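Note that my numbering has the sequence shown beginning at 166, numbered continuously upward. These notes concern the structure reproduced below.
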Amino acid sequence: MSAPDTVLKVADLGVSYGAATAISRLDFEIRRGEFVAILGPSGCGKSSLLNAISGLMAPSRGRVVVDGDELYLPRSRDPRLGYVFQAHRLLPWRTVKQNLEIVLAASDVPRETWDARIDEILGILHIAQFRDSWPMRLSGGQRQRVSIARALLVDPSYILMDEPLSTLDEVTARSLRQELTGICQRTGATVVFVTHSIREAVYLADRILILTRGPSTIFEDYRVPIERPRDYDDARIAEVEADIIRRIQAPWGLGPAEERQSA
Ligand SMILES: Nc1ncnc2c1ncn2[C@@H]1O[C@H](COP(=O)(O)OP(=O)(O)O)[C@@H](O)[C@H]1O
Ligand SMILES: [Mg+2]
């Protein structure tokens, strides 16, 4: 039986590519307003998981339930979700505003409210001045802000993010992490955030689903014991990070050198 405020329920989920199993079995639930990080080593099936729970890909086994509705596949993408891909996936021949309008056109948001909505979300992400710019004229950080704006645009039931900050320089990533925390607090958004950065997961998330190496299962469902607002340089974040690293070292097959790299 699910809790009444369950947004997403994943049961007995398996993903295979032909004979190769990427996800062996996952069961978890996410409640409204939760920020859940999915942490796992490269190749363990994190992107496959997001694709399966977004409906971009049919799982080979199991169930995905969104807001109480069974997700039947194959079908088109669920309009109730926002997806931030690792690559920004903005159309280069359309301006920022036009890229956002594509999402609105696929939603039931009335056209007369589009402009106000676009201006509001760009304002929240501090990129209002780039509304009529071409995506390729923007920096990596600005483009990633646009893809986050695109995901938030239609008030999704939940937002999936696939390593959205991993290609950015550390200063930009820090500012976006802080921004993201603020937006989630204000809007009560439900977020599933994939990362291989342990510290990022500890800083951002209420809960961390730590996966095993592929084909993945859940190694641990970990609740972050640090109240908000958090400071990225808080010694407790570093302590929790070190503690997680100690516990995953053997199951992830990490030696001391790789441990530093993956942190
Ligand atoms: N389209 C595909 N066809 C075949 N194998 C794939 C495909 N996509 C991913 N895989 C394999 O599935 C496993 C999980 O991949 P992925 O979900 O991308 O992992 P992660 O995002 O954790 O790095 C990997 O072994 C990868 O090689
Ligand atoms: Mg991936």
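Think of the CB as a built atom: it goes at the ideal place given N, C-alpha and C, for glycine as much as any other residue. Owing to the predicted nature of the structure, the values given are computational and were not obtained by experimental measurement.
Other residues of its chain near residue i: CB distance less than 8 Å, five sequence neighbours each side excluded
| i | result |
| --- | --- |
| Ala168 | Glu194 and Arg196 |
| Leu256 | Gln263, Asn264, Ile267 and Pro300 |
| Glu406 | Ile363, Arg364, Val367 and Ala428 |
| Arg342 | Leu330, Glu365, Tyr368, Leu369 and Tyr397 |
| Glu335 | none |
| Ala293 | Asp284 and Leu287 |
| Arg425 | Only weak support exists for where Arg425 lies, its pLDDT of 49 falling under 50; the coordinates are left without a value. |
Local Cβ density within 10 Å of residue i, reported as buried at 16 or more and exposed below that
| i | result |
| --- | --- |
| Thr278 | exposed |
| Thr377 | buried |
| Glu328 | buried |
| Ala366 | buried |
| Gln350 | exposed |
| Asp408 | exposed |
| His253 | buried |
| Trp258 | exposed |
| Gly205 | buried |
| Ala281 | exposed |
| Pro321 | buried |
| Arg308 | buried |
| Ala400 | exposed |
| Ala415 | exposed |
| Ala338 | buried |
Identified DSSP bridge partners for residue i
| i | result |
| --- | --- |
| Gly247 | Ile324 |
| Arg228 | Ala176 |
| Ala193 | Here residue 193 is Phe; the residue named in the question, Ala, does not match the sequence. For Phe193, which the question treats as bridged, DSSP gives the partners Val175. |
| Ile375 | Leu204 and Glu385 |
| Thr186 | Ser181 |
| Asp234 | Val231 |
| Phe358 | Ala202 and Met326 |
Close-in-space but distant-in-sequence residues of the same chain around residue i (CB under 6 Å, 5 per side omitted)
| i | result |
| --- | --- |
| Gly353 | Gly198 |
| Thr382 | Ser189 and Arg190 |
| Leu178 | Leu191, Pro224 and Gly227 |
| Ser181 | Ser225 |
| Lys158 | The requested residue 158 is not part of the displayed model; the chain covers only 166 to 428. |
| Val261 | Phe295, Arg296, Ser298 and Val311 |
| Phe429 | There is simply no residue 429 to check, as the chain begins at 166 and stops at 428 in what is shown. |
| Gly305 | Leu333 |
| Arg412 | none |
| Gly385 | Here the sequence assigns Glu to residue 385, which means Gly is not the residue at that position. Excluding positions up to five away in sequence, the list reads Ile375. |
| Glu423 | In this predicted model, Glu423 has a pLDDT of only 49, less than 50, meaning its place in the structure is not dependable; the value taken from the coordinates is given anyway. Excluding sequence neighbours, Glu423 sits near nothing in its chain. |
| Arg372 | Val201 and Arg388 |
| Glu404 | none |
| Tyr233 | In the sequence as presented, Tyr is not what sits at residue 233; that position holds Gly. Excluding residues within five positions, none has a Cβ falling inside 6 Å. |
Own chain partners of residue i with C-beta closer than 7 Å, once the 5 adjacent residues on each side are dropped
| i | result |
| --- | --- |
| Pro380 | Thr186, Ala187, Ile188, Ser189 and Gly210 |
| Ser207 | His361 |
| Asn216 | Met222 |
| Ile402 | Arg364, Val367, Tyr368, Ile391 and Arg395 |
| Leu318 | Leu265, Val268, Leu269, Arg282 and Ile286 |
| Ala316 | Gly247, Tyr248, Val249 and Ile324 |
| Leu290 | Arg310, Ile313, Ala314 and Glu344 |
| Asp170 | Arg196 and Arg197 |
| Trp417 | Pro206 and Arg378 |
CB contact check: residue i to chain B, cutoff 7 Å
| i | result |
| --- | --- |
| Val249 | Here there is only one protein chain, and chain B is not present. |
Handout entry: Residues with C-beta closer than 5 Å to any heavy atom of ligand 1, in chain order
Key = Working through the chain, the matches are Tyr182, Ala187, Ser207, Gly208, Cys209, Gly210, Lys211, Ser212 and Ser213.
Practice task
Could you tell me whether the stretch 353-362 touches the stretch 388-405, where touching means 3 or more Cβ pairs closer than 8 Å?
Solution key: For the pair of segments examined, the stretch 353-362 was found not to touch the stretch 388-405: the number of CB pairs separated by less than 8 Å stays below three.
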